[in-house]
Amino acid sequence: MTHEESTSNSPKYVGFWARMLAFVVDSIAAVLLLTPLSLGSGSLLVDDLSNPGALQDALIASLPGALLESLIIAALFIGFWIYFAATPGKLLVHSYIVDAKTLKRAKTSQLVIRYLGYFVSMLTFGLGFIWIGIDSRKQSLHDKLASTVVVYDKPVDE
């Protein structure tokens, strides 16, 4: 059965490799978008490595820029998920994030939990992402935390 043939009773879940491709596309887009901001916010280059406080000072000086970049990425991902039910990478592979129970658009609160769940998935040495390849519904750890799934069918608005 192709994803075009799936019905709301039997959704076609998006597997590991398609989601990995979407992630790579989104990561490249984020780097391209944030590079000008990163270049303007200073760098971690330390001129005098013999000065023990130089690295610490450089790290502290870079915190506002890093925080701003993190907030921009979070806003972009969650914004795309709210308005399109997908990031550009997911749209490229024709996949959408939906509520796991109803298969309708996920709520904003679910999408925020899903985004924060990315960090939990990373903290488990990536096992939260690898789980996609094992799970029958292709849910990652962050999907399970947010009660979402990634499917090939566009969500229905409630």
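If you want this note's numbering, it's the position in the sequence shown, counting the first as 1, plus 1068.
The beta carbon of each residue, even a glycine, is placed where N, CA and C say it ideally should be.
Contact between the segment 1093-1101 and the segment 1207-1220 is absent: fewer than three C-beta pairs spanning the two stretches fall below 8 Å. Going by beta carbons, residue 1165 and residue 1153 fall inside the 7 Å limit. Per DSSP, reduced to three states, the secondary structure at residue 1173 is strand. Residue environment for residue 1079: buried (at least 16 other C-beta atoms within 10 angstroms of its C-beta).
Contact between residue 1214 and residue 1157 fails: their C-beta atoms lie close to 18 Å from each other, not under 8 Å.
Leaving aside the five residues that flank residue 1168 on each side, the residues in its chain whose CB is nearer than 6 Å to its CB run, in chain order, 1215, 1216 and 1217. Between residue 1175 and residue 1223 a beta carbon distance of about 11 Å is seen, past the 8 Å cut, so the two are scored as non-contacting. Annotation: residue 1189 to residue 1195 spans about 6 Å, alpha carbon to alpha carbon. Secondary structure of residue 1216 (DSSP, three-state): strand.
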